[in-house]
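Sequence order for the protein chains is A and B.
If you're matching positions, the first sequence starts at 1 in our numbering and goes up one per residue.
If you're matching positions, the second sequence starts at 1 in our numbering and goes up one per residue.
Beta carbons are placed, not taken as given, at the ideal position from N, Cα and C, and that holds for glycine.
Number of protein chains: 2
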Amino acid sequence: MSSRQAALEFANKSKQDFLEDLIHFLKIPSISTLPEHNPDMLEAAQWLVSQMEKFQFKDVNIMPTDGHPIVYGSYDKAGKSAPTVLVYGHYDVQPVDPIDEWDNEPFKPQVRDGDIYARGASDMKGQVVAHLKAVESYLDSYDLPVNIKYLIEGEEEIGSPNLEKFLSQNEDLLHCDFCLNADSGILGVDTPSLAYSLRGLAYFEINLHGPESDLHSGTFGGAVINPGNVIAQVIAAMKDENGRIMLPGFYDDVVELAAAEREQLAQLPQTEEWWKEQSNTSALGGEFGYTATERATIRPTLDVNGLYSGFIGKGSKTVLPAKAMAKISMRLVPNQEPEKVRQSLETFMDKHIPAGITWEIDELSSALPGTIDLDSAIAKSAGEALRSVWNKSAIYKREGGTVPVVGMIKKVLGVDSLMLGFGLPDDNLHAPNEKFHVNNFHRGIETYIHFMDNLAK
Amino acid sequence: MSSRQAALEFANKSKQDFLEDLIHFLKIPSISTLPEHNPDMLEAAQWLVSQMEKFQFKDVNIMPTDGHPIVYGSYDKAGKSAPTVLVYGHYDVQPVDPIDEWDNEPFKPQVRDGDIYARGASDMKGQVVAHLKAVESYLDSYDLPVNIKYLIEGEEEIGSPNLEKFLSQNEDLLHCDFCLNADSGILGVDTPSLAYSLRGLAYFEINLHGPESDLHSGTFGGAVINPGNVIAQVIAAMKDENGRIMLPGFYDDVVELAAAEREQLAQLPQTEEWWKEQSNTSALGGEFGYTATERATIRPTLDVNGLYSGFIGKGSKTVLPAKAMAKISMRLVPNQEPEKVRQSLETFMDKHIPAGITWEIDELSSALPGTIDLDSAIAKSAGEALRSVWNKSAIYKREGGTVPVVGMIKKVLGVDSLMLGFGLPDDNLHAPNEKFHVNNFHRGIETYIHFMDNLAK
Numbered sequence: 001m002s003s004r005q006a007a008l009e010f011a012n013k014s015k016q017d018f019l020e021d022l023i024h025f026l027k028i029p030s031i032s033t034l035p036e037h038n039p040d041m042l043e044a045a046q047w048l049v050s051q052m053e054k055f056q057f058k059d060v061n062i063m064p065t066d067g068h069p070i071v072y073g074s075y076d077k078a079g080k081s082a083p084t085v086l087v088y089g090h091y092d093v094q095p096v097d098p099i100d101e102w103d104n105e106p107f108k109p110q111v112r113d114g115d116i117y118a119r120g121a122s123d124m125k126g127q128v129v130a131h132l133k134a135v136e137s138y139l140d141s142y143d144l145p146v147n148i149k150y151l152i153e154g155e156e157e158i159g160s161p162n163l164e165k166f167l168s169q170n171e172d173l174l175h176c177d178f179c180l181n182a183d184s185g186i187l188g189v190d191t192p193s194l195a196y197s198l199r200g201l202a203y204f205e206i207n208l209h210g211p212e213s214d215l216h217s218g219t220f221g222g223a224v225i226n227p228g229n230v231i232a233q234v235i236a237a238m239k240d241e242n243g244r245i246m247l248p249g250f251y252d253d254v255v256e257l258a259a260a261e262r263e264q265l266a267q268l269p270q271t272e273e274w275w276k277e278q279s280n281t282s283a284l285g286g287e288f289g290y291t292a293t294e295r296a297t298i299r300p301t302l303d304v305n306g307l308y309s310g311f312i313g314k315g316s317k318t319v320l321p322a323k324a325m326a327k328i329s330m331r332l333v334p335n336q337e338p339e340k341v342r343q344s345l346e347t348f349m350d351k352h353i354p355a356g357i358t359w360e361i362d363e364l365s366s367a368l369p370g371t372i373d374l375d376s377a378i379a380k381s382a383g384e385a386l387r388s389v390w391n392k393s394a395i396y397k398r399e400g401g402t403v404p405v406v407g408m409i410k411k412v413l414g415v416d417s418l419m420l421g422f423g424l425p426d427d428n429l430h431a432p433n434e435k436f437h438v439n440n441f442h443r444g445i446e447t448y449i450h451f452m453d454n455l456a457k
Numbered sequence: 001m002s003s004r005q006a007a008l009e010f011a012n013k014s015k016q017d018f019l020e021d022l023i024h025f026l027k028i029p030s031i032s033t034l035p036e037h038n039p040d041m042l043e044a045a046q047w048l049v050s051q052m053e054k055f056q057f058k059d060v061n062i063m064p065t066d067g068h069p070i071v072y073g074s075y076d077k078a079g080k081s082a083p084t085v086l087v088y089g090h091y092d093v094q095p096v097d098p099i100d101e102w103d104n105e106p107f108k109p110q111v112r113d114g115d116i117y118a119r120g121a122s123d124m125k126g127q128v129v130a131h132l133k134a135v136e137s138y139l140d141s142y143d144l145p146v147n148i149k150y151l152i153e154g155e156e157e158i159g160s161p162n163l164e165k166f167l168s169q170n171e172d173l174l175h176c177d178f179c180l181n182a183d184s185g186i187l188g189v190d191t192p193s194l195a196y197s198l199r200g201l202a203y204f205e206i207n208l209h210g211p212e213s214d215l216h217s218g219t220f221g222g223a224v225i226n227p228g229n230v231i232a233q234v235i236a237a238m239k240d241e242n243g244r245i246m247l248p249g250f251y252d253d254v255v256e257l258a259a260a261e262r263e264q265l266a267q268l269p270q271t272e273e274w275w276k277e278q279s280n281t282s283a284l285g286g287e288f289g290y291t292a293t294e295r296a297t298i299r300p301t302l303d304v305n306g307l308y309s310g311f312i313g314k315g316s317k318t319v320l321p322a323k324a325m326a327k328i329s330m331r332l333v334p335n336q337e338p339e340k341v342r343q344s345l346e347t348f349m350d351k352h353i354p355a356g357i358t359w360e361i362d363e364l365s366s367a368l369p370g371t372i373d374l375d376s377a378i379a380k381s382a383g384e385a386l387r388s389v390w391n392k393s394a395i396y397k398r399e400g401g402t403v404p405v406v407g408m409i410k411k412v413l414g415v416d417s418l419m420l421g422f423g424l425p426d427d428n429l430h431a432p433n434e435k436f437h438v439n440n441f442h443r444g445i446e447t448y449i450h451f452m453d454n455l456a457k
């Protein structure tokens, strides 16, 4: 019997035990944002350590940060020729408010109609335990086919404020071939999918300053430059009439889509009608020459997220504003870099802002885009694993959003992340009655078993 | 002795009496915005009535409105061949807060260093009394050289909410050749000036609606149209690179400046440096081909007064906003009309707003521009009157601002207004220690005496 077969058999006969372990983990109210739960945070970290120690993982440790600690543990017995996978997860969960809207107590997990209801079930204790149980299934009688490094943080739900520093300080320890980010989901219970690409982010606040203070628009209107008009002009100039972004060199690093991939994207169920329904808009728009799916996933964007100048209350005030502010974010695609985008934006502003207006740009957040080559062993291993378990081909998805952790890992460790998790779109993440599909918990374990073995081939 | 000479002599010997009458009027705390002062409002109106009755004016009346009443009185003995002047003023004053910052009680007038300190001294009881005393000076021994209709309202400081209706309901009663608006000032104690032109106003709020609700800019960015970007584009499109306003037909009704008037404007002390200092800006800008003074007075404008979309708090939120709002005002010059501007704006929006975005425009306020021909008898009569009193030429000013009352009178009665009053830029209007220059009160009386006689010639 192959080690894969043995692991699958062990997983199959251990279903009840595995579910009970998940329930145990879900009972720990590890809410990272509430200081009164700090002891629970530690208990959750210790439970993870106990699991890894059971496997005799190396360097198992609760590593301190300036906030909640990070749980680390590694396995290197697959040898230097086998790939090393950094498995990213988090053990913290969201608060439970509004508590009245829960049908069961959020930290007393309840299985109903094939789902397990508890805070953190889908986001993401279910997937953390699924991966641990895949590892355990192998180790019951064999070695693992790949090397593993667990990086399980306790601050994802509060924006991972200490993760980048931790990555930098432990770059050698975390050295790996790629990252498996299990904080993800599939399109439907019976629609296996995996996200192989995320957009990055370059998000800025732009402030323009004109007159020292607000002026009367009757007395001074026409004579002086109005920063409210100028901010409109500069934002408008950022795109041409075809929706192309006009920052200098903005597209230089953009990887153009291959025809084959465009065909593949066109076959997704995300039609133009679907986008209209999802966004509740009567008409779509954007960069000319690309479908809505392409524009939302593999093309970069430039969006106003916030805009302010002058008097915005009810009624009229004849004010000529002293300043204007815009929050502008750009979603980035491979191989764009936020720092280059910032420089390009500054060059653009320099050119477009007239004398009499001063300006500054503040970076609000940034993240590198990331992608796993669809033809790579990683993507193929994941796809085959999903097909083995679901008996149907997986949908390969590009995500339009940004996972900051993925950007940090790319930036510091230089590796891309494969998003392979088993949440569902209706799992009520961050909301009352969060749930995780029990059968997908088990299928997730099987998928990780297949995935590890596929990778090793 | 001519009637003018007799009136001037009477005014000269009555200086103390006239000042005492002003002081009496200033003691009445006619604050229109505070209901507890309603009896004072009536007392002020009654005092005006008593003055006009002393002159045996016709139809002297406290005419009701839905708010504070309007004092009316007319004189028609100059005959049908003489001009009829509608003299506009107001008997209400601003509140006195912050009371602690006054050096004397605001309704106990005090003369110090040549100024009379009291709430309403400059805005505008001083000028109302000055005109009444000019009339009284004639009537002591002669008839008036012109016909007069007094229109003295009690709601100017609260925006004249009932004036337009009153004008419409009394169109025949108020029929006149032009309006003398005494709610005005001169550039300096020894710098006589008069404003012969005001800009109008067309002020709109524009609302754009995109998706039904805010969307995640990662998931939907690029696929859907962002109203925050669109509002920037449409505002930017409203002007070309030379600062010309691109609303269709916007300049069709704009009266171009004659070379002689441009030369006259160029001689005003309002240099480019002066505008920079006054506006506290490092550089000016606006419509190409015109000076700052021209741009601020006799050229129309299009200014953003308010701008809003999405998230404008601290930090970042990756929101794709559902809507965007702009408050846009246009200062109008002869012979532009707010209603035509509105139609032009709607045509422009229709053309520039893409499918997927709905929009509406609300008018926040509007006023017709007004001007008195510099070559007219009215302007010349006023200029000569000022020169006779100050022994120097008056500066003819165009004002960039809008006086709503002037727009209403133009709209309903069809006549323009000459702004001829004697306030000073540092009179602390609407502020503590409001004052009026006593000597200018007397010079104002003399000026009105000359003006009436000049008009009759």
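- Our two residues, D21 (chain B) and G210 (chain A), have alpha carbons roughly 47 Å apart in a direct line.
- The Cβ atoms of M419 (chain A) and L194 (chain A) sit closer than 9 Å to each other.
- Among the residues facing chain A, W275 (chain B) is included, as its CB has a counterpart in that chain under 9 Å away.
- In the DSSP assignment, D303 (chain B) is bridged to B:S329.
- Secondary structure in the segment 24-84 of chain B: the alpha helix (DSSP H) runs of 4 residues or longer, each lying completely within the stretch, are 38-54 in chain order.
- When Cβ pairs closer than 8 Å are counted between the two stretches, the segment 378-395 of chain A is seen to touch the segment 443-450 of chain A, the count reaching three or more.
- Taken in chain order, the complete alpha helix (DSSP H) segments of 4 or more residues contained in the segment 73-158 of chain A are 126-139.
- One finds L364 in chain A with Cβ atoms closer than 8 Å to the Cβ of G315 (chain B), taken in chain order.
- Linking K54 (chain A) to K323 (chain B) through their CA atoms gives a straight-line distance of about 55 Å.
- Neighbours of I225 (chain B) across chain A, judged by C-beta separation under 8 Å: T281, A283, L284, G285 and G286.
- Distances from the CA of G221 (chain A) to each of B:S184, B:N305 and B:Y196 were compared; the closest alpha carbon is that of B:N305.
- Annotated three-state conformation of T371 (chain B) is strand, per DSSP.
- Taken atom to atom, the span from the alpha-carbon of Q110 (chain B) to that of Y117 (chain B) is near 5 Å.
- Across the structure, K457 (chain B) and M52 (chain B) are spaced so that their CA atoms are roughly 25 Å apart.
- Using beta-carbon distances, L368 (chain A) does not count as an interface residue toward chain B, since no partner is under 9 Å.
- For S14 (chain B), the secondary structure class from DSSP, reduced to helix, strand or coil, is coil.
- Annotation: Cβ neighbours of N305 (chain A) in chain B (cutoff 8 Å, chain order): S217, G228, G310, F311, S316, K317, T318, V319, L320 and P321.
- At least one CB atom of chain A sits nearer than 9 Å to the CB of P211 (chain B).
- With a beta-carbon spacing of about 28 Å, N12 (chain B) and D76 (chain B) fall beyond the 8 Å limit used to define contacts.
- A direct Cα-Cα distance of roughly 12 Å separates P334 (chain A) from R398 (chain A).
- Interface criterion not met: the Cβ of F348 (chain A) is under 9 Å from no Cβ in chain B.
- Here I99 (chain A) is exposed. Its C-beta has fewer than 16 other C-beta atoms within 10 Å.
- When Cβ-Cβ separations below 9 Å define contact, M1 (chain A) makes no contact with chain B.
- By a beta-carbon distance limit of 8 Å, G89 (chain A) does not contact E155 (chain A). Their separation comes to about 12 Å.
- N229 (chain A) has its alpha-carbon roughly 27 Å from the corresponding atom of L284 (chain A).
- The segment 238-313 of chain B contains, as complete beta strand (DSSP E) runs of 3+ residues, the segments 303-310 (chain order).
- With a threshold of 9 Å between beta carbons, E434 (chain A) makes no contact with chain B.
- M408 (chain A) has a beta carbon lying at 9 Å or more from every beta carbon in chain B.
- With fewer than three CB-CB distances shorter than 8 Å, the segment 115-133 of chain A does not count as touching the segment 395-415 of chain A.
- Residue contact with chain B for E164 (chain A): absent (no Cβ-Cβ distance below 9 Å to any residue of chain B).
- Going by beta carbons, M330 (chain A) and I235 (chain A) fall outside the 9 Å limit.
- The closest CA to that of G401 (chain A), considering only A:K410, A:G370, A:A377 and A:A394, is found on A:G370.
- Across the segment 381-413 of chain A, CB contacts with chain B closer than 8 Å involve E399, G400, G401 and T402, in sequence order along the chain.
- In this structure the segment 296-315 of chain A lies against the segment 298-312 of chain B, because at least three pairs of beta carbons, one per stretch, are closer than 8 Å.
- The DSSP-derived three-state label of S2 (chain B) is coil.
- Annotation: K13 (chain B) has no Cβ neighbours in chain A at a cutoff of 7 Å; minimum Cβ distance is about 40 Å.
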